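The listed protein sequences derive, respectively, from chains D and H. For the first sequence, our numbering puts the final residue at 301, and the numbers step up evenly by one. For the second sequence, our numbering puts the final residue at 363, and the numbers step up evenly by one.
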Amino acid sequence: MKKIILFLIIFLNLLYSKQLYVVTTTEDLKSITEFIGKQKVKVESLSYGWQDPHMVEALPSMVVKLAKADMLVKIGLDLDMWVDGLIHASRNKNIVYGAIGYVDTSVGIVRLEVPVGKVDASKGDIHIYGNPHYWLDPENGKIIAKNILEGLCRLSPEDKDYFEKNYEEFIEQLTKKIDYWKQKLKKYEGKNFVSYHKTFSYFAKRFNLNIIATVEPKPGIPPSAAYLKKLVEIINKENVVCILHENFYPLKTSQSIAKQTNKKVIVLPTSVGGVKEVKDYFSLFDYIITKICECNEDKNN
Amino acid sequence: MKKFIISFILLTSLNIFTQEFKEEKMIQQTPLPGMRGVVANLPDISVTGNFYYRFSTDKEDTTKDKLVIEEIETAFQGYLYPDIRADIFLAMHKHEEHIEAEMCEAKISFQKLIHNLSLEVGKIHVNFGKLNKIHQHHRNFYDQPLVLTNFFGQHGLVAEGLNFSYILPLPLFLQIDLGFWNIPQHHHVEEHHEHHEFSLVDKTYTNKVWLSFPIKTLELEIGLNSLLSNGPHHHEHKDEVKIFGLDLTLRSFFTRNRKFLFTTEVYKLTRDLEHDSIERFGYFVFTNYKFNKYDSIGLRYDDVENVVEGLKTISLSAIYTRSLTETTAIRTQYTYFFDNPKDIHQLVLQIVFGIGPHSHLLE
């Protein structure tokens, strides 16, 4: 009996120690890493899906996670800059910029809205490397997955086949889903939408939706009364389907516009974990697309 | 046609449509702060400013009812070597009626010596208590809590020396800091309404045990701090100073950018003179509620014993902050000083701003 227990302890210990400990900055990256790493990774996200990813507060407890991490996966493009100070505070050489366990998933992404010329705060809270919300294009999910795959293979080359198999499965599943989502949104192709922040630019481009304006006059800048008046006129003239509202922004302004224009506000998560129904990368798009479709159905009714 | 022209004018009148953007493939990882000037081999350069206008019922106050450019800080930050970073903060401060240039902080950080041990060398905001390490433009109020000013000086505990910092390999965050410092003699505090001065001088030793752990969406931080130093008269006779402190911070995160913060710091100062021993006690309590992406309200209570025995300064502040961006905010702070020697009302309008990439490590 004693021997069996000892054997079990050793076996479980070996099994557990084989797992790579991966820390991600967002829950979207956590979800994709779990698809590729499956049982061979333990993944934790530093932020919650319901948080504004621009404004996550660096906490000492995050340092502990990073200190133990074999790999860090981040969005890059200055969205999750808050993690940079934490990396250094963690003293973990494996996850510093350029190290074996550092994965910036923006590599290979065709960036939208890259500012041209001088960039300063007169343009709002602008990201100098372009719009960082690229994970909201599911095709970019494939690039993110590829970057994560490469990171995992670097750290655990003996598991390369295992990770590659999972990656292929993920890509296959995602490709099918993209076709399905495109079909669902086909009737909205070329239709006009308004969003609060420029979060849905990648999503809109993929599914041929037109985001003709944002509630924020410039990124990160709340609207003035004069701006809102113009926006209401545009919405009325341009036959806008609905207002897409990211669930971490103040709802009051979007609701006020909706009231004045008789349009519906759809409150949407922008990340996995943004609402309790969105548990992984696939259900994030399922949820967003279902909500957009419901909006028009409600309108037709 | 008329409709078309009107909608065209409306569209072009919105700035979001006039900004120029392009599409571009990302071919490399996003450079970190401190590596932005990599192509030109430049460090990150930034400027932060702190301006305020102060109204007060104190008739003796000569700095009231005027715009005060409290501080302009220029930062140069970058890497010297893998894991070795330099941060230089040069500040122009208002001292009475004059603007003085000062090296606010200048440090080299060896981010990993061995295992989890790091080292900072230079002139540093000492990791003592919670607030001392945080630069003024990052704080949630316009002024420094009275206990920090009365015990450590106008700019808090800033000293030249070195600080070792070690994170214990535990499932929770436990960091131990040991600092060895020298504080120049001129760095003293003149306490209001008194003809007494107090400052820490010469060789100073600090220690902090910093513990933090999350409880669901709460984060609790506890700091135990101790300091050994000398008083201003130690060259003439024995004047030894010991300070013990406790800091406690609780942060609670809710959905949609809502956050509650509670922080308090309590200090006991013991000054051993040749034939006497003086004890002083002081603390502040601060609560802040951020109720959306842009706005927060806070309350701060200060209570500190002054150099003259039996005299205390007590104040209560109400603060409203509107954050324009991550680095720029406008603030209104009303403070009521109790019996100092007579009650004083004070209202401050402040703007703090930042231009360029500016970063601080975990504070």
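Glycine included, each C-beta is placed from N, C-alpha and C at the ideal position. Since the structure is predicted, the reported quantities are computational estimates derived from the model, not experimental observations.
CB contact check: residue i to chain H, cutoff 7 Å
| i | result |
| --- | --- |
| Asn301 of chain D | Any reading at Asn301 of chain D must be qualified, since the residue scores a pLDDT of 45, below 50, and its modelled position is unreliable; the value itself is stated next. Taking Cβ atoms only, chain H never reaches closer than 7 Å to Asn301 of chain D, which makes this a no. |
| His88 of chain D | yes |
| Asp179 of chain D | no |
| Ser31 of chain D | no |
| Ser283 of chain D | no |
| Leu59 of chain D | yes |
| Tyr196 of chain D | no |
| Leu185 of chain D | no |
| Leu77 of chain D | yes |
| Arg91 of chain D | yes |
| Asp161 of chain D | no |
| Tyr129 of chain D | yes |
| Leu20 of chain D | no |
| Ile4 of chain D | no |
| Ser106 of chain D | yes |
| Asp125 of chain D | yes |
Anticipated Cβ contact below 8 Å, residue i with residue j, distance rounded
| i | j | result |
| --- | --- | --- |
| Leu20 of chain D | Met71 of chain D | 6 Å |
| Asp28 of chain D | Tyr202 of chain D | No, Asp28 of chain D and Tyr202 of chain D are not in contact; Cβ-Cβ is about 12 Å, not under 8 Å. |
| Ile289 of chain D | Lys184 of chain D | 5 Å |
| Thr313 of chain H | Phe286 of chain H | Rounded, the Cβ-Cβ distance is 16 Å, inconsistent with contact. |
| Ile134 of chain H | Ala106 of chain H | Actually they do not touch by this definition, with Cβ atoms about 17 Å apart. |
| Thr327 of chain H | Phe353 of chain H | 7 Å |
| Cys242 of chain D | Cys295 of chain D | 4 Å |
| Asp247 of chain H | Arg271 of chain H | In fact, because the Cβ distance is near 21 Å, the residues do not count as touching under 8 Å. |
| Leu131 of chain H | Glu265 of chain H | 7 Å |
| Leu244 of chain D | Ile266 of chain D | 6 Å |
Residue nearest to residue i in terms of C-alpha spacing, selected from the options
| i | options | result |
| --- | --- | --- |
| Asn247 of chain D | H:Phe244, H:Ile84, H:Phe254 and H:Leu250 | H:Phe254 |
| Val308 of chain H | H:Lys94, H:Val266 and H:Phe281 | H:Phe281 |
| Ala204 of chain D | D:Lys229, D:Lys165, D:Pro138 and D:Glu44 | D:Pro138 |
| Ile368 of chain H | H:Lys293, H:Asp202, H:Phe76 and H:Gln136 | Shown here, chain H extends from 1 to 363; a query on residue 368 of chain H therefore has no answer. |
| Leu311 of chain H | H:Glu100, H:Ile114, H:Asn150 and H:Pro31 | H:Asn150 |
| Thr332 of chain H | H:Asp295, H:Thr30, H:Lys342 and H:Tyr301 | H:Asp295 |
| Gly220 of chain D | D:Lys38, D:Tyr249 and D:Gly117 | D:Tyr249 |
| Met62 of chain D | D:Val43, D:Gln39, D:Lys182 and D:Ser90 | D:Ser90 |
| Ala145 of chain D | D:Ile128, D:Lys165, D:Tyr129 and D:Pro157 | D:Lys165 |
| Gln154 of chain H | H:Asp276, H:Glu96, H:Pro169 and H:Leu32 | H:Glu96 |
| Lys177 of chain D | D:Glu189, D:Tyr129, D:Gln255 and D:Phe207 | D:Phe207 |
| Gln51 of chain D | H:Ser315, H:Ser252 and H:Tyr283 | H:Ser252 |
| His235 of chain H | H:Leu200, H:Asp83, H:Leu220 and H:His125 | H:Leu200 |
| Pro31 of chain H | D:Met81, D:Val265 and D:Glu158 | D:Met81 |
CB contact check: residue i to chain C, cutoff 7 Å
| i | result |
| --- | --- |
| Leu112 of chain D | Of the chains in the structure shown, none is chain C; the protein chains are D and H. |
C-beta atoms of residue i and residue j nearer than 7 Å
| i | j | result |
| --- | --- | --- |
| Thr261 of chain D | Ile235 of chain D | yes |
| Ile243 of chain H | Leu269 of chain H | yes |
| Ala69 of chain D | Ile95 of chain D | yes |
| Val73 of chain D | Val107 of chain D | no |
| Leu90 of chain H | Phe128 of chain H | no |
| Lys259 of chain H | Lys293 of chain H | no |
| Leu66 of chain D | Pro132 of chain D | no |
| Phe55 of chain H | Leu273 of chain H | no |
| Ser226 of chain H | Val241 of chain H | no |
| Phe35 of chain D | Phe170 of chain D | yes |
| Asn140 of chain H | Asn50 of chain H | no |
| Asn239 of chain D | Asn210 of chain D | no |
| Ser46 of chain H | Gly356 of chain H | yes |
Any C-beta of chain D under 7 Å from that of residue i
| i | result |
| --- | --- |
| Asn292 of chain H | yes |
| Pro214 of chain H | yes |
| Gln111 of chain H | yes |
| His193 of chain H | Legend: pLDDT at His193 of chain H = 40, less than 50; position of this residue unreliable, value from coordinates given subsequently. It does not: the Cβ of His193 of chain H has no partner Cβ on chain D nearer than 7 Å. |
| Gln29 of chain H | yes |
| Val189 of chain H | The predicted model places Val189 of chain H with a pLDDT of 49, which falls under 50 and marks its position as unreliable; any figure quoted below should be read in that light. Taking Cβ atoms only, chain D never reaches closer than 7 Å to Val189 of chain H, which makes this a no. |
| Glu279 of chain H | no |
| Ser315 of chain H | no |
| Asp343 of chain H | no |
| Phe286 of chain H | no |
| Ser118 of chain H | yes |
| Asn50 of chain H | no |
| Lys25 of chain H | yes |
| Lys22 of chain H | yes |
For the segment 171-210 of chain D, list the alpha helix (DSSP H) runs that are entirely contained and at least 4 residues long, ordered along the chain. Counting only runs of 4 or more, we get 201-206.
Please give the ranges of any beta strand (DSSP E) in the segment 67-124 of chain D, keeping only runs that are unbroken, at least 3 residues long and fully inside the region. Qualifying beta strand (DSSP E) stretches, in chain order: 71-74, 102-104 and 110-115.
At 3 residues or longer, what runs of the beta strand (DSSP E) sit wholly inside the segment 155-230 of chain H? Contiguous beta strand (DSSP E) elements confined to the segment 155-230 of chain H occur at 158-167, 173-183, 201-215 and 218-230, taking only those with 3 or more residues.
Report the start-end ranges of each beta strand (DSSP E) in the segment 75-108 of chain H that is 3 residues or longer and not cut off at the edges. If we require 3 residues or more, the beta strand (DSSP E) runs fully inside the segment 75-108 of chain H come out as 84-95.
Restricting to runs no shorter than 4 residues, where is the alpha helix (DSSP H) found entirely within the segment 16-65 of chain D? If you keep only unbroken alpha helix (DSSP H) runs of at least 4 residues inside the segment 16-65 of chain D, you get 27-37.
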